[in-house]
Amino acid sequence: MPRTLEKIMVNRLIARTSKVIEDFARSEDGNVTIDWTVLLGGLVGLCLAVMALIGGSLVAFSDRAEVELSSREVAQY
């Protein structure tokens, strides 16, 4: 390929790449994705915090329930 044709092709590629980057920067879709990602991360963090707060109580409750149920006799018919 002649040098001028290579330069033309490179310039076209740069122009297309620049247009894609400009369109992406002006688009609102990326911002909405980031908003949802942050909200979902906050929700997961909140769920983990609630589980950490009530986890010990649930284990104690299940232990008491196990003791109570294992001490009862099963009726046989």
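Using the numbering used here, the letters of the sequence shown correspond one by one to residues 942 to 1018.
Note that beta-carbon positions come from the ideal geometry of N, C-alpha and C, so glycine has one too.
Could you check what DSSP says for residue i in three-state terms: helix, strand or coil?
| i | result |
| --- | --- |
| R957 | helix |
| S1012 | helix |
| E1007 | helix |
Looking only at its own chain, which residues have a Cβ that is under 6 Å from the Cβ of residue i, when we skip the five neighbours before and after it?
| i | result |
| --- | --- |
| S1003 | none |
| L987 | none |
With a threshold of 8 Å between beta carbons, is residue i in contact with chain C?
| i | result |
| --- | --- |
| G971 | Looking for chain C here will not work: only one protein chain is present. |
With a threshold of 7 Å on Cβ separation, who are the neighbours of residue i within its own chain once the five nearest residues in sequence on each side are excluded?
| i | result |
| --- | --- |
| V985 | none |
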